Amino acid sequence: MSDTLLTKSGIADKLGTNPMRVARFIERNKINSVKKEGKRELYKLTDFNALKEELDSPEANKEAKSHGFSKDDYILTLKKQLEEQKLQYEQVIKSKDETISSLKETIATSQKSYNDMKDQLAVKDTQITSLTKLTNNAQTLNLVDKDPKRLKAASSSADTDSETSSSYDKADNSPEQHVKKHWWQFGK
Numbered sequence: 004m005s006d007t008l009l010t011k012s013g014i015a016d017k018l019g020t021n022p023m024r025v026a027r028f029i030e031r032n033k034i035n036s037v038k039k040e041g042k043r044e045l046y047k048l049t050d051f052n053a054l055k056e057e058l059d060s061p062e063a064n065k066e067a068k069s070h071g072f073s074k075d076d077y078i079l080t081l082k083k084q085l086e087e088q089k090l091q092y093e094q095v096i097k098s099k100d101e102t103i104s105s106l107k108e109t110i111a112t113s114q115k116s117y118n119d120m121k122d123q124l125a126v127k128d129t130q131i132t133s134l135t136k137l138t139n140n141a142q143t144l145n146l147v148d149k150d151p152k153r154l155k156a157a158s159s160s161a162d163t164d165s166e167t168s169s170s171y172d173k174a175d176n177s178p179e180q181h182v183k184k185h186w187w188q189f190g191k
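Structure (structure tokens):
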């Protein structure tokens, strides 16, 4: 090997290993850099003969194969990770779809309940109107019962109303029809 000066990554390229292994070898063997260029430390390639022998030994090759990963291994690992992420994504989408359909069912049920309540309110309003009429009639009857003069007036009023209604019945049968006068026509 030559006496050229190289960085840790340059030495790793020459020896066919990774820069971390070179850095560990430097620390283990306490090799000092020959020269510094800025932040880069330069080393003599000859200082790494022991590392070259270590890498060439059959035991090192077995260890490198058991611990090292090739680009194909990285690609396969990444593909597996992508497939797992895809499955997780599909599961998330499926659960969101289930949640959406559940919410749609809840909305439909709520809408039906709302319509039922609306119908019940309409029935209640009709019942209140009927009860109000009955209450007014009961109050009128109660007042009439307490005051006999009102009873006679109510009785004569009822007779007049029945006569009027019968005269209207007669008028409906006759060729002349009864014309209802409005309040502004009474002065004429």
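Position in the sequence shown (first residue = 1) + 3 = my numbering.
Built from N, CA and C at the ideal position, the CB exists for glycine as well.
Here the structure is a predicted model, which is why all the values come from computation and not from measurement.
DSSP-derived helix/strand/coil call for LYS33: coil
Inter-residue Cα distance where the pair is ARG31 and THR10: Computed Cα separation, rounded: 17 Å.
Beta-carbon proximity check, TYR46 vs LEU18, cutoff 8 Å: no
LYS127 in three-state terms, based on DSSP: helix
Contact belief for ARG27 with ALA15 at Cβ below 8 Å, rounded distance in angstroms: About 11 Å; that fails the 8 Å criterion.
Rounded straight-line distance, which links the Cα of LYS136 to that of ASP128: 13 Å
Host alpha helix (DSSP H) of LYS17 (start-end): 11 to 18
Status (buried if at least 16 other CB within 10 Å, exposed otherwise) for PHE51: buried
For LYS42, three-class secondary structure by DSSP: coil
Of the listed residues THR20, GLU93 and ASN35, nearest to GLU57 (C-alpha basis): THR20
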